Every structure is written in structure tokens, then in C-alpha cells.
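Asker: According to the working numbering, the sequence shown holds residues 1489 to 1705 in order. Could you have a look at this structure, given as C-alpha cells, before my questions?
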Amino acid sequence: MTDPQPAPLPYDERDVAVLDAKGLRALAHPVRVRLLGLLRRNGPATATLLATRLGLTSGATSYHLRQLAAAGFVEEDTERGNARERWWRSVHRLTSFGDRTLREREPEATLAFLQSVALAHAEATRRTLDELVTMPREWRETLGLGDRLLRLTPQEATRLRNELDEVVARYRPASATGPGEAPEGAEGVQVVLHVLPGLEGSFDPAGAGLDRNEEER
1489 MTDPQPAPLP YDERDVAVLD AKGLRALAHP VRVRLLGLLR RNGPATATLL
1539 ATRLGLTSGA TSYHLRQLAA AGFVEEDTER GNARERWWRS VHRLTSFGDR
1589 TLREREPEAT LAFLQSVALA HAEATRRTLD ELVTMPREWR ETLGLGDRLL
1639 RLTPQEATRL RNELDEVVAR YRPASATGPG EAPEGAEGVQ VVLHVLPGLE
1689 GSFDPAGAGL DRNEEER
């Protein structure tokens, strides 16, 4: 059986940052992953604005922004900036990390990057839960938190991940803001996909098999 091929990305290739060794090392830091996520989600911002959002100093935020700029992930927004303060914007809409050779060649940076992404996902979940009580009921009812423990081969797990990607790709990206692209009432919805392989005995039985709406019962 051949390995399933990765699902095609639903973006123009110019909107995708394909990680190389330099980019991987630049993103092997949780603050930089969160900074990049904020710029992609909310648009251009200054180091001061981003520092306030992350609870950091503007000096620390500026340093991390410069590291992201050196790796080609962000750039100065010269149309907004002035002599007193720079504005920064994301160069791409998403990051692709499918280079198996790079993963094997840079195991420590790979682990640090993936851990940073996982932390960013956990923070996004926490933020949504903190805001849940103030959301309109129709939006509260869209929340889904759940998991399923399956017994799969590596090929089946890869196929599952690709099929989930294909389902998400059928819906419009958050960048669809032009006339007619998104209906009235559309808001940003973050879909987080985790496929977590594990050897026998490595799963926590207390955390597996939670239904997405079990918190309501």
C-alpha cells in the first residue's frame, strides 16, 4: 500500500510559507508563533499593540518581530508606519511543514516548533472558553470539544488527516472578506485539527472518548 499524498492546500502558493531550516528555527519559539498568528488573524499591528495582547514588553516583542522578518514571515507595513513606530504585517496566510527530510535533519527545532503550535492552540481554546459566556447563544452552541480513540495503521491515520483537511477546505477561509464572498453574520471560526499517534499504553484513558457535547449533559 502506498502512502496517501498530502491534501492540496486551499490557497494560492504565494500565500503559503513553506518552512525551510531557517524558517523552522525562527518559529521554534512560542512567542513568535503567537505573534505570527495574531498578525494573520487580526491584520497589521505595532509592537506595542502586540505586546499588550501577549503581556510582554514592547522591546521583547520588537526583537521577536525582527527575527520573524529576517526569516521572511513578516514585513514592515510602510503605508501605516511613521518615524515613531513601525507597523508590521504578515507576508503569508498560513505555514506548510511537510518536508520529511527537514524534520529528520532538524529534530530539536521540529519538536520546539510543534510544541509552540500546540501551546498556541491551547491558548486559543482557553481564550474562546473565557469569552464563551458573553457570546450569543447561537455561537455558543457551535463550540465543539471532543476526541475519539481509533485503532489505525499509519496509512489510515494519514488518510484520515488528509480527508479532514479536505472537509475544511470546502469552506471559505477567514480572508474571504470581499463583496459576496461571505454572507452576512459570518465571523472568524478557528478549526483546530489534531491527529495524535501513540504507541500502546501511551494514551490517557481518562481523556479519550469525550463527546463534543458531553459538557452539556
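Even glycine gets a Cβ: it sits at the ideal position worked out from N, Cα and C. This one's a predicted model, so the numbers in the text were calculated from it and none came from an experiment.
Using three-state DSSP, classify R1660 as helix, strand or coil.
Answerer: Here R1660 sits in coil by DSSP.
Asker: Would you list the one or two residues that DSSP bridges to W1627?
Answerer: In the DSSP output, where bridge partners are listed per residue, W1627 has none listed.
Asker: Tell me, which residues are paired with T1534 by DSSP?
Answerer: T1534 is bridged to W1575.
Asker: Spatial neighbours of T1545 within its chain, please: C-beta separation below 7 Å, excluding the five flanking residues on both sides.
Answerer: Taken in chain order, the residues that qualify are A1539.
Asker: What does a CB cutoff of less than 8 Å around V1579 pick up in its chain, not counting 5 residues either side in sequence?
Answerer: Excluding positions up to five away in sequence, the list reads A1505, G1560, F1561, V1562, E1563.
Asker: Could you tell me the boundaries of the alpha helix (DSSP H) in which E1619 lies?
Answerer: Start and end: 1595-1619.
Asker: Within 10 angstroms of its Cβ, does M1531 collect 16 or more other Cβ (buried), or is it exposed?
Answerer: The sequence given here places Gly at residue 1531; Met does not occur at that position. Per the 10 Å Cβ criterion, exposed.
Asker: If contacts are defined as beta-carbon pairs under 8 Å, then L1556 and A1514 qualify, I think. What distance do you get, rounded to the angstrom?
Answerer: The pair is a contact, with the Cβ atoms about 6 Å apart (cut-off 8 Å).
Asker: From the DSSP output, read off the bridge partner residues of A1505.
Answerer: Paired residue(s): T1583.
Asker: Counting C-beta neighbours from all protein chains within 10 Å, is the total for A1509 16 or more, i.e. buried, or is it exposed?
Answerer: That one is exposed.
Asker: Measure the CB-CB distance between T1534 and E1567 and report whether it falls below 8 Å.
Answerer: Not closer than 8 Å, so no.
Asker: CB-CB under 7 Å to G1525, same chain, minus the five flanking residues each way: which ones, in chain order?
Answerer: Cβ neighbours of G1525 beyond the five flanking positions: A1608.
Asker: Would you decide whether E1594 is buried or exposed? Buried here means 16 or more other CB atoms lie within 10 Å of its CB.
Answerer: With 16 or more other Cβ atoms within 10 Å, it is buried.
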